[in-house]
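Each remark here refers to the structure printed beneath this line.
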Amino acid sequence: MPEILKKYGKIKETLDYASTDVKSTGITVIQVGSATCENAAGAEAVKFEFQKLINASGRDNIVIKQTGCTGRCSQEPIVGVFAPDNFPVKYKQVTVDKVAEIFQSHVLGGTPVVSLMLDKNTNIIYDHIITFCETNYEKRPDHLELSELFQERLAHHGISNERVRVLKGGNIGLSRFEDDDQHAVMIVFPENVIYRYETVEAMDEIIKEHIIDKTINQKYLIHTEKLTEEYMKFYGDVSFFNKQSRITLRNCGIIDPENITDYIHAQGFKALALILEKNDPEWIINEILDSGLRGRGGGGFPVGAKWRNTRTLKQDPIKYVICNADEGDPGAFMDRSALEGDPFSIIEGMTIGAFSMGASKGYLYIRAEYPLAIARIENAIKIAREYGFLGKDILGSGFDFDLEIRLGAGAFVCGEETALIHSIEGLRGQPRIRPPYPSLSGLWGHPTCINNVETWANIPPIIIYGAEWFNRIGTVGSKGTKVFALAGKVKNTGLIEVPMGTTLREVIFDIGGGVFGDNQFKAVQTGGPSGGCIPEHLIDTPIDYESLKEVGSMMGSGGMIVLDHTDCMVQTARYFLEFTQDESCGKCLPCREGTLRMLEILERITTGQAVMADLDKLYRLGNMIKKTSLCGLGQSAPNPVLSAIENFREEFEIHIKEHRCPTQKCSKLISYHVIADKCTGCTLCARRCPVLCITGGRKQVHEIIQSQCIKCGECFNVCKFDAIQKI
Amino acid sequence: MCTNKKYTLSDEIVDYINECLSKEHPESYLIAILHKVQGIYGFLSEIHLDEVAHLLQVPTANVYGVATFYHYFRLKPRGQFAISVCMGTACFVKGADSVLTSFKSELGIDMGETTSDGLFSLEGTRCIGVCALAPVVTINDRVYSNVVSQQVSQILNEIKAAERV
């Protein structure tokens, strides 16, 4: 009785996707990012400017499309120009004054503006760009990378590397075709076709037919609906992107998040239709269990097990599902991006979960600090209801499910599931002792399943491509991919998604492009206030739940802050502890009082008043808090401090014994001095000093009275002649 | 402004609370209601908290408990231009503290205070998720990215100049 799939097919037919599809209509699409970060960088004004120019040109075959964020944050606003039969071109840091040039030269004239292109380090316009899927190359007997072999063969046929660019990609989401080590899989742009073959002879054949004769080789061509087809089509030629594997963020930066047509075209709601057609909740739970998906909020609890518990532990006609979008970790923004860039997928994931567990009501708990994300998800819920993907009798299946948004109000502890439940109930967001777990007794005492944004977004692809596909990505204990918010002292800041098992080095140096300003790498902080600092000698640690725990950090929600040699580890540890101390809800003593005492000790260390016994006390206290706190916040709060002491003990000792901060970050341990030779006597510092402790009039060398100086650093910041010295 | 005789809260909010009362678990809408009150009045005054408690039939102590628990809620009015310096990790690492120091010395106020002319108030905020553009400062709804402390006086002067016009 394929009624539901038929209904889904009918809805899909009614949607007019062609009007924005470059291929079918010959129109040119100008894609402008629209997310909180893009808007902060000025994307809205850029969009407005393009619209003005389109109107002025009188052309009706140019359209603007807004998308979510692609994750290339440091280069925003990003603008894509997609013209028929051409490579999609991405421009970086497009400010309003660059719009006219791009529009005149590229959109109207057909000549891309090379100087403004994203990650473009050459002026060459290639005939073809070929991306290899190279996840398995090291297992090949000859150990030769496929892309190298291919380049060798190109040279053999006399094709210069100025015509064809060959790139190595990660797992490009070719679902069923990446299963063995024998086959090569590659995508050829701009035709966007995929070849799969085994032998060097086949490689030669493809080169002859495709590159030389410009015809598509039918023998090795494969047809597959690939998860990231659109993504690779748009971004496959940029190394920042093609090293990633996108499952959670598969649609971010590709589809218009306010348009259901785009989402459905990207296989949206197909998984929902499939499971409703199958009508077998147990099958869904088994699929999720077999996939090995673990909670992406930080804890890493197997998702399938949580779903099964919620379904079976208690016979209760009322059950709830909740999406935890209270992304309180300072330094993480993947949930915001997913909500802003692909809100429908979270709705779909939650609906599938609700069906499998027998829930008919769901809540999205979102931070109030994310107004655009809230607006996008509100809009998506409304549209999904209109099309019958939410509400009563979804797709005619008889299954009812609806969603309600609840706003958080700025409490980090509400990321803890029992605290979050209290907050939805309208109470103070304080956690309670578990068990009973929410799967037995959650919201208003009913069985409740809480997963975070990223987890829910993973559900639809697992249903469509199957548990086996998902299970192949990642490591033994950690399956699939993980999104990280890469920030701090790294060149390419932004949002990235990599398979579990990727090393920190690959993330920071290959995708992130290394440390900003080519400074020396010092440590990477993962897991936010619950995680720890991982020093340089452990940078080859693979990213998975267990490995990160072993080195004293944790997966957490996915913040990844890179620190360089100018960062003080004591200060960083103090920063995180100050955060958790402030956010401690006050319910249990170890967390409430313990973190405060730890903070006091750290305060003493950073001001040069500590003794060596303080360091041992700090360490003991930290471990005690970990063991005795009520909830995850307290149990993990000491992590940043403990891992800093373990890995950078020497730096703590210098602070304590020598009253010195090696990186000159602890203000009480430094002093400011005027360099007489450089001082021009401009009086700027003296005027700006909040305590008026700088002497010397106009054209006289100034002097700082050390006994009065509060070490605010204002003089150092304002001096235009670098005449203030920090010691 | 207020047409309702009994309450100083606007009709919009009174109606919203009545709407909540007709739903399941009406008390669970308390946080949403406080968001609405703060959205209109800028902060949560004692009398408004009392009225919310009365309308929603929840003890005032609970309402006050919720209002003080969450960082997002303010019990004091803030300036016409609310300056929030992001103190998230990425911003911290990129020097948000020196930006904050500059704002403090330029305005002559501390965190959580308002200038005597009521024009500016200063607060530190939790991560707003724009980490890649750190350090970030928001002034009302406008986001300033990659702020350095030298820019602070210029930013303030621009706002003051626009205000004078």
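Which chain is which? The protein sequence lines are C and Y, in order. Counted the way my numbering counts, the first sequence spans residues 24 to 750. Counted the way my numbering counts, the second sequence spans residues 1399 to 1563. Glycine residues also receive a C-beta, built at the ideal position from the N, C-alpha and C atoms. All values derive from a computational prediction rather than experimental measurement.
Coarse secondary structure for residue i, derived from DSSP in three states
i, result
"ALA1480/Y", "strand"
"ILE562/C", "coil"
"GLY468/C", "helix"
"ASP236/C", "coil"
"VAL513/C", "strand"
"GLY522/C", "Just to set this straight, residue 522/C is Pro in the shown sequence, not Gly. Strand."
"ARG429/C", "strand"
"ARG627/C", "helix"
"VAL1534/Y", "coil"
"MET635/C", "helix"
"ASN274/C", "coil"
"GLU201/C", "Any reading at GLU201/C is ruled out, since the residue's pLDDT is 48, under 50, leaving its predicted position unreliable."
"LYS415/C", "coil"
"ASP605/C", "helix"
"MET373/C", "helix"
"ARG615/C", "helix"
"TYR343/C", "strand"
"LEU336/C", "coil"
"ILE473/C", "strand"
"ILE101/C", "coil"
"VAL829/C", "Because chain C here runs from 24 to 750, residue 829/C falls outside it and cannot be looked at."
"ALA348/C", "strand"
"MET226/C", "helix"
Buried or exposed by the 16-neighbour rule on C-beta atoms within 10 Å, applied to residue i
i, result
"ARG186/C", "exposed"
"VAL223/C", "exposed"
"ASN21/C", "Because chain C is modelled from 24 through 750, residue 21/C falls outside the range shown and cannot be assessed."
"ASN78/C", "exposed"
"VAL513/C", "buried"
"LEU1419/Y", "exposed"
"LEU619/C", "exposed"
"ALA1488/Y", "buried"
"ILE496/C", "buried"
"LYS301/C", "exposed"
"PRO283/C", "Note that residue 283/C is Ile in the sequence shown, not Pro. That one is buried."
"ALA1465/Y", "buried"
"GLU1556/Y", "exposed"
"PHE71/C", "exposed"
Bridge partners - residue i, DSSP secondary structure assignment
i, result
"ASP556/C", "A small correction: the amino acid at residue 556/C is Cys; Asp does not occupy that position in the sequence shown. BP columns for CYS556/C point to GLN548/C."
"GLU1521/Y", "SER1482/Y"
"ILE245/C", "ILE217/C"
"VAL1355/Y", "As shown, chain Y starts at 1399 and ends at 1563. That puts residue 1355/Y outside it, with no answer to give."
"THR718/C", "GLU726/C"
"ALA508/C", "LEU518/C, GLY582/C"
"PRO325/C", "ARG317/C"
"MET209/C", "PHE155/C, TYR218/C"
"ASP587/C", "PHE544/C"
"ILE747/C", "VAL697/C"
Partner residues on chain D for residue i, Cβ-Cβ distance less than 8 Å
i, result
"VAL1412/Y", "Considering every chain present, this structure includes no chain D. Its protein chains are C and Y."
>> Taking beta-carbon pairs under 8 Å, can you tell me which members of the stretch 333-355 of chain C lie near chain Y?
In response: GLU350, GLY351, ASP352, PRO353, GLY354, ALA355
> Between the stretch 1503-1523 of chain Y and the stretch 1475-1493 of chain Y, do three or more beta carbon pairs fall short of 8 Å?
Replying inline: yes
>> Contact between the stretch 1447-1464 of chain Y and the stretch 1405-1412 of chain Y is defined here as three or more beta-carbon pairs at a separation below 8 Å; is this criterion met?
In response: yes
> Going along the stretch 710-744 of chain C in order, which residues come within less than 8 Å of chain Y, judged by CB to CB distance?
Replying inline: ARG711, PRO713, CYS735, GLY736, GLU737, ASN740, VAL741
> Taking one C-beta from the stretch 276-294 of chain C and one from the stretch 305-312 of chain C each time, how about it: are there three or more such pairs within less than 8 Å?
Replying inline: no
>> Counting only Cβ-Cβ distances shorter than 8 Å, please list the residues of the stretch 1465-1482 of chain Y near chain C, keeping chain order.
In response: PHE1467, TYR1468, HIS1469, TYR1470, PHE1471
>> At a CB distance below 8 Å, what residues from the stretch 1522-1538 of chain Y approach chain C? Give them in sequence order.
In response: THR1523, ARG1524, CYS1525, ILE1526, GLY1527, VAL1528, CYS1529, ALA1530, LEU1531, ALA1532, VAL1534
> Which residues, in chain order, does the stretch 85-103 of chain C contribute to contact with chain Y at a C-beta distance below 7 Å?
Replying inline: CYS96, SER97
> Is the stretch 108-128 of chain C touching the stretch 386-397 of chain C in the sense that three or more CB pairs, one from each, lie closer than 8 Å?
Replying inline: no
> At a cut of 8 Å, does the stretch 1541-1550 of chain Y reach the stretch 1488-1503 of chain Y through at least three beta carbon pairs?
Replying inline: yes
> Is there contact here, the stretch 520-529 of chain C with the stretch 1501-1508 of chain Y, by at least three beta-carbon pairs under 8 Å?
Replying inline: no
> Are there three or more Cβ pairs, one per stretch, closer than 8 Å when the stretch 656-673 of chain C is compared with the stretch 708-719 of chain C?
Replying inline: no
> Going along the stretch 1409-1435 of chain Y in order, which residues come within less than 8 Å of chain C, judged by CB to CB distance?
Replying inline: HIS1423, GLU1425, SER1426, TYR1427, LEU1428, ILE1429, ALA1430, LEU1432, HIS1433
>> Under 9 Å, CB to CB, which of the residues in the stretch 429-441 of chain C have a partner in chain Y?
In response: ARG429, LEU430, GLY431, ALA432, GLY433, ALA434, PHE435, CYS437
> With a cut-off of 8 Å, do at least 3 Cβ pairs link the stretch 604-624 of chain C to the stretch 638-654 of chain C?
Replying inline: yes
> For the stretch 578-596 of chain C, which residues have a CB atom closer than 7 Å to at least one CB atom of chain Y, in sequence order?
Replying inline: GLY582, ILE584, LEU586, ASP590
>> Quick check: the stretch 1416-1434 of chain Y against the stretch 735-745 of chain C, are at least 3 beta-carbon pairs closer than 8 Å?
In response: no
>> Closer than 8 Å is the cut-off here; do at least three beta carbon pairs connect the stretch 581-594 of chain C with the stretch 663-677 of chain C?
In response: yes
> Is the number of C-beta pairs between the stretch 567-586 of chain C and the stretch 538-546 of chain C that are closer than 8 Å three or more?
Replying inline: yes
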